[in-house]
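So the number in the numbering used here is just where the residue sits in the sequence shown, counting from 1, plus 195.
Note that the Cβ used here is the ideal one computed from N, Cα and C, for glycine as well.
Before any comments, here is the structure.
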Amino acid sequence: MHRAGSWGRRASPARGAAAPRRWSAAWPRSGLRRAVWEGQLRHLLKCAELHNLQLQIMPNSRETNAGVDGPMVLLETPDHRTIGYVEGQRGSYFLTDPEDVSVLSHRYGTIQSQALDPESSVTFIKRLLAGDQ
């Protein structure tokens, strides 16, 4: 798995990982100049065309969702073990305990179910670019 943060940080993918790349970022629309924001949206549309990437948007109207506790990453090792990585104000942690990893895996599944599906996400971005949102 591979994750890039909103400011270009990249985590190295696990060797031999064939899983689709998943990327999460949040940008407050009001905090960016319009041209930059539109460029980022166009870039996301290009990314959505990649066969190994699944783009899902969590709409701002979804005020409570399973992702509000902060960023997390699930990594699969070459020997198929899953490791969690979480960041917070007091530090960053790798989680290897199966119970902790299970909580993150369930949370990730919930986030996927709460977000728009990939086709609706692309439609949503196109509507933003057209000024329909």
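Between residue i and residue j, how many whole angstroms is the CB-CB distance? I'm expecting something under 8 Å.
| i | j | result |
| --- | --- | --- |
| G279 | D264 | In fact, because the Cβ distance is near 12 Å, the residues do not count as touching under 8 Å. |
| I320 | L270 | Wrong, their Cβ atoms sit about 27 Å apart, outside the cutoff. |
| L324 | E233 | 6 Å |
| N247 | M253 | Between M253 and N247 the Cβ distance is about 21 Å, and since that is not below 8 Å, they are no contact. |
Comparing alpha-carbon positions, which option in the options lies nearest residue i?
| i | options | result |
| --- | --- | --- |
| S316 | V281, V268, E271, N255 | N255 |
| L245 | R228, L299, P313, L269 | P313 |
| S297 | G283, S287, T277 | T277 |
| S287 | A230, P293, P266, R257 | P266 |
| T305 | R237, Q251, H238, C242 | Q251 |
| R322 | H301, C242, R237, V231 | R237 |
| E258 | A310, S300, V281 | A310 |
| Q307 | H275, D292, P293, Q249 | Q249 |
Does residue i pass the burial test, meaning 16 or more other C-beta atoms within 10 Å, or should it be called exposed?
| i | result |
| --- | --- |
| V268 | buried |
Can you tell me whether residue i is helix, strand or coil according to DSSP?
| i | result |
| --- | --- |
| R210 | Because R210 sits at a pLDDT of 49, beneath the cut-off of 50, its placement in the model cannot be relied upon, and the point is left open. |
| A325 | helix |
Runs of alpha helix (DSSP H) lying entirely within the segment 226-306, each at least 4 residues, in chain order: 229-243
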